[in-house]
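Start counting the sequence shown at 22; every next residue gets the next number (our numbering).
All residues carry an ideal CB built from backbone N, CA and C; glycine is no exception.
As the structure is a prediction and not an experimental result, all values here were calculated from the model.
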Amino acid sequence: MDLPDPLQRALQRLNAALEALDAAAERRAEADSARTDADAEYAVLQDDRSRLAVELDAALARARALDRVAGDVAVRVERAGATVRGILAELAPAGSTPPGPA
22 MDLPDPLQRA LQRLNAALEA LDAAAERRAE ADSARTDADA EYAVLQDDRS
72 RLAVELDAAL ARARALDRVA GDVAVRVERA GATVRGILAE LAPAGSTPPG
122 PA
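Right, dumping it as structure tokens:
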């Protein structure tokens, strides 16, 4: 079926416009998909950040507790050393010099 020239040109323009619309819709769908992927990756990163923050808080609390224990141990070791030196001084023969701290 032959169509008049103006109608033929109008159909060609319509087809070109529909193809452009299809291409634009496809690009938009790809962009939305990429955005969804980026949003999902961002959510994973946020979850990792939250988990790491909790782990860091726990590690800092443990480090503080270990510092307190280390301080207590140092005091006890010093007291034990002083006690041992005192006992050695009592057991040393008169006139000899008791050993000093190492």
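DSSP places ASP53 within a helical segment (H, G or I) once states are collapsed to three.
Secondary structure at ASP78: helix, using DSSP grouped into helix, strand and coil. Between the alpha carbons of SER71 and ALA84 lies a gap of roughly 20 Å. Look at ASP23 here: in three-state DSSP terms it is coil, with no helix or strand label.
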